[in-house]
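Residue numbers (this note's numbering), protein chains in the order written: chain S, 576 to 906; chain X, 38 to 300.
Take a look at the structure below.
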Amino acid sequence: MNQDVWVVVEHQQGAPKKLSLELVSCARAIAGAGSSGKVVAFVPGSGVGQVAGALGTRGADIVYTADHPLLQQYTTDGYAAVLAEALRAESPAVVLMGAAAQGRDLAPRLAARLGAGLITDCTGLEVREGVLVATRPLYTRKAIGTVRFSGSGTRIAVVLPAMYPVPAAQANRRAEIRSWPVHLDAKTIRTVVREVKTIQRETIPLIEADIVVSGGRGMKGPENFALLDALARALGAAVGSSRPPVDSGWVPHDYEIGQTGKTVSPQVYLACGISGAPQHLAGMSGSKYIIAINKDPNAPLFQLADLGVVGDIFQIVPKLTEAVKRAKSPS
Amino acid sequence: VNIVVCVKQVPDTEAPIRIKPDGSGIEETGLNLVMNYYDEHATEAGLRLRGQFGGAVTLVSVGPERAKEALRTGLAMGADEAILVTDPALEGADHLGVARVLATVIATLPHDVVICGKISTDDNAGIVGPALAEYLNLPQATAIAYLEADGSGSSAVVHREVEGGVEVLQVPFPAVLTVERSLNEPRYPSLPGIMKAKRKEIKTLTLASVGLDAPSVGGAAARTVLVTLAAPPKRKAGRIVEEDADQAAAAIVAFLKDEAKVL
Chain S
576 MNQDVWVVVE HQQGAPKKLS LELVSCARAI AGAGSSGKVV AFVPGSGVGQ VAGALGTRGA
636 DIVYTADHPL LQQYTTDGYA AVLAEALRAE SPAVVLMGAA AQGRDLAPRL AARLGAGLIT
696 DCTGLEVREG VLVATRPLYT RKAIGTVRFS GSGTRIAVVL PAMYPVPAAQ ANRRAEIRSW
756 PVHLDAKTIR TVVREVKTIQ RETIPLIEAD IVVSGGRGMK GPENFALLDA LARALGAAVG
816 SSRPPVDSGW VPHDYEIGQT GKTVSPQVYL ACGISGAPQH LAGMSGSKYI IAINKDPNAP
876 LFQLADLGVV GDIFQIVPKL TEAVKRAKSP S
Chain X
38 VNIVVCVKQV PDTEAPIRIK PDGSGIEETG LNLVMNYYDE HATEAGLRLR GQFGGAVTLV
98 SVGPERAKEA LRTGLAMGAD EAILVTDPAL EGADHLGVAR VLATVIATLP HDVVICGKIS
158 TDDNAGIVGP ALAEYLNLPQ ATAIAYLEAD GSGSSAVVHR EVEGGVEVLQ VPFPAVLTVE
218 RSLNEPRYPS LPGIMKAKRK EIKTLTLASV GLDAPSVGGA AARTVLVTLA APPKRKAGRI
278 VEEDADQAAA AIVAFLKDEA KVL
């Protein structure tokens with residue numbers, strides 16, 4: 576086994592996804608703490624040459640492009656087969672994946688195949704006295720666990736979004752780009768991806784957002800989420816919700832933040848008409864700053880919010896949207 | 038169609054937990070334990086497949102003796118059989134170890150579909166389902182929000198929520214599925230169901246009786262170890278303002294600029 580730290584890169588439209596770049600930061604921190612470990616980005620896909628360059632400028636030492644038509648779309652079987660072969664051949668010390676649909680699906684499968692140690696939903700990784708240690712929320716964020724890897728062999732960590740910064744691009748920095756030979760038989764892939772229906776939104780995805788604007792029961796109806804969309808567009812934020820709007824059918828399930836939805840940790844979480852039930856806190860209490868707007872001065876979320884505004888969201892949010900636009904305009 | 042549903046008993050998420058002073062875990066006394074929330078959705082999915090195609094739903098759990106209560110919840114919902122693997126040697130086992138135990142038991146049962154919750158609400162790991170699929174050498178579809186089996190019960194079309202969209206996947210059976218909460222609305226156990234579940238025998242197995250030994254799946258084989266558990270950093274209430282809408286908007290903009298520095 577060598578000391579290298581691998582990042583399994585997800586990409587779209589020829590560029591690495593934000594979460595994958597955050598993993599490069601994480602990998603640099605771990606590799607720097609060890610001895611002579613290199614940061615290795617592994618890029619599975621079809622026609623991925625373009626992705627490689629961006630990883631070098633952001634801090635990867637080596638980029639493997641695993642290019643194959645059968646890797647065009649993510650499948651558990653296809654990606655697991657290629658990665659298992661690569662990891663067996665190269666035996667890096669650590670493999671990082673993002674806690675998103677792909678990483679959550681793939682990492683356990685791969686860990687089981689390789690007998691690798693696996694820690695999911697990591698909020699941080701560090702080397703303490705030569706041992707790789709992760710922190711992660713447990714019990715719906717009512718506790719934070721420190722978990723260490725033990726035994727020998729590859730260790731896989733699945734890291735939550737927004738835990739590490741996107742490394743700055745250094746124009747003159749280059750990675751060594753290598754082509755990884757993919758041996759993949761179509762028969763290996765047992766599932767068929769019929770289609771990926773993209774949902775067009777005017778706001779950015781939750782997973783990539785530095786600011787999240789979120790609505791709760793206090794939004795009163797689906798039509799009022801347009802107010803949050805407008806505010807989010809002005810801020811460059813994503814829109815989410817607590818559980819009641821999802822259960823009422825006002826917004827789709829992928830909006831949901833909380834115990835039964837997504838976990839987010841943005842710089843700013845702006846909660847509109849959300850009382851702050853424990854089920855919701857489980858998904859957002861790791862946010863850097865929390866702002867809450869609620870009519871009810873006794874809303875539990877005010878106990879956690881850095882800024883609490885008691886008032887009517889239907890009056891405040893439109894004014895806030897205008898004020899943000901003014902603050903952002905160059906004049 | 039033979040359906041196996043994996044079940045875990047976990048602390049009720051509605052109630053607070055108490056972390057042991059030494060950080061080794063949580064206090065068990067006074068803890069209200071329930072079937073993992075997502076496993077209710079998994080059980081429901083199994084019952085619906087049985088309703089469509091006939092067959093049987095068998096619940097399998099790995100855990101202490103008390104985990105039988107979670108299995109009884111599933112039996113009361115309508116599952117046919119329940120199996121608990123319980124062994125002191127499983128103390129300290131990691132998720133891969135638990136998946137290995139489940140796979141060993143399930144391999145001895147007829148299984149056209151194996152269904153798990155997408156995560157359990159205690160560890161939040163989401164490891165067991167896909168690892169189980171690997172050990173059983175079956176295809177997998179995780180965190181599914183829609184499931185429609187074909188007329189012959191030999192495959193299914195499922196929807197998975199992915200970033201920015203929905204993946205529509207066809208999965209041949211036998212397969213391992215892990216389920217999202219939006220898949221279905223779990224039924225409540227009926228009173229007769231509860232009465233019947235009380236009388237049902239829950240088959241109890243040990244590691245030895247399934248042909249496994251502690252060094253291969255127990256604490257000694259674990260590749261991850263909990264070092265310590267701590268309360269999350271306490272957040273303090275900040276400033277509260279109660280002003281007219283213009284002033285409130287101005288206060289938020291000032292906060293975004295000066296404190297959060299995102300404007």
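Heads up, the beta-carbon is just placed ideally off N, CA and C, and yes, glycines get one too.
Model, not experiment: these values are computed from the prediction.
query, result
"Is it true that the CB of S:K613 sits closer than 8 Å to the CB of S:A604?", "no"
"Pick out whichever of S:K894, S:V839, S:R633 and S:A846 has its Cα sitting closest to the Cα of S:P712.", "S:V839"
"For S:Q834, which residues in the same chain have their Cβ closer than 7 Å to its Cβ, ignoring the five residues on either side in sequence?", "T715, Q854, A857 and G858"
"Listed from N- to C-terminal order along the chain, which residues in the stretch 751 to 784 of chain S have their beta-carbon within a distance smaller than 7 Å of any beta-carbon of chain X?", "R765, T766, V767, V768, R769, E770, V771, K772, T773, I774, P780 and I782"
"Taking the CB atoms as reference points, tell me whether S:C551 and S:G883 lie closer together than 8 Å.", "Since the first and last residues shown for chain S are 576 and 906, residue 551 of chain S lies out of range."
"Smallest Cα separation from X:V194: which of X:V203, X:V41, X:Q207 and X:F90?", "X:Q207"
"According to DSSP, is X:E118 part of a helix, a strand, or is it coil?", "strand"
"Closest Cβ-Cβ distance between X:E128 and chain S: below 8 Å?", "no"
"Check whether the Cβ atoms of S:H586 and S:K593 lie closer than 8 Å to each other.", "no"
"May I have the straight-line CA-CA distance separating X:N221 from X:I181, to the nearest angstrom?", "10 Å"
"Do S:I849 and S:G791 count as a contact pair if the criterion is CB distance below 8 Å?", "yes"
"When the cut-off is 8 Å and only beta carbons count, does X:Y172 lie next to chain S?", "yes"
"Against chain S, does X:A259 count as a neighbour if the rule is that its beta carbon must be under 8 Å from one of theirs?", "yes"
"Do you know whose CA, among X:G202, X:E64 and X:I239, lies nearest S:A675's CA?", "X:G202"
"Around the Cβ of X:E198, are there at least 16 other Cβ atoms within 10 angstroms (buried) or fewer (exposed)?", "buried"
"Which bits of chain X does S:T695 rub up against, with CB to CB less than 8 Å?", "N161, A162, G163 and I164"
"With a threshold of 8 Å between beta-carbons, can S:F724 be considered close to chain X, or not?", "yes"
"Scan the stretch 793 to 813 of chain S for residues whose Cβ lies nearer than 7 Å to a Cβ of chain X and list them as they occur along the chain.", "none"
"Could you check if X:M232 is buried or exposed, using at least 16 other CB atoms within 10 Å of its CB as the buried criterion?", "exposed"
"Kindly indicate which three-state DSSP category S:T640 falls into: helix, strand or coil?", "strand"
"Please report the straight-line C-alpha distance between S:Y739 and S:D785, rounded to a whole angstrom.", "12 Å"
"Comparing C-alpha positions only, which one of X:A234, X:G91, X:V254 and X:K237 sits nearest to X:T243?", "X:V254"
"Identify, in the order they occur along the chain, each residue of the same chain with its Cβ nearer than 8 Å to the Cβ of X:D159, setting aside the five sequence neighbours on each side.", "K45, V47, P48 and N73"
"Using a Cβ distance threshold of 8 Å, determine whether the stretch 173 to 188 of chain X contacts the stretch 653 to 660 of chain S, with at least three qualifying pairs required.", "no"
"According to a CB-to-CB cut-off of less than 8 Å, which residues of the stretch 184 to 203 of chain X neighbour chain S?", "V194, R197, E198, V199, E200, G201, G202 and V203"
"If you compare alpha carbons, which of S:P742, S:K837 and S:H828 is closest to S:S600?", "S:P742"
"Run through DSSP, which three-state label would S:A661 get?", "helix"
"Does S:S860 come within less than 8 Å of chain X when only Cβ atoms are used?", "yes"
"Would a check of beta-carbon distances place S:K900 closer than 8 Å to chain X?", "no"
"Contact between the stretch 683 to 694 of chain S and the stretch 750 to 759 of chain S: three or more CB pairs below 8 Å?", "no"
"Any beta carbon from chain S within less than 8 Å of X:Q46's own beta carbon?", "no"
"Whole angstroms are fine: how far does the CA of X:K240 sit from the CA of X:L249?", "17 Å"
"Quick one, which of X:E51, X:R137, X:P209 and X:V264 has its alpha-carbon nearest X:N69's?", "X:E51"
"Can you look up S:F617 in the DSSP assignment and give me helix, strand or coil?", "strand"
"Extract the residue ranges of the beta strand (DSSP E) inside the stretch 853 to 897 of chain S, only unbroken runs of 3 or more that lie entirely within it.", "864 to 869 and 882 to 885"
"So if I threshold CB-CB distances at 9 Å, which residues from the stretch 635 to 659 of chain S count as touching chain X?", "Q648, Y649, T650, T651, D652 and A655"
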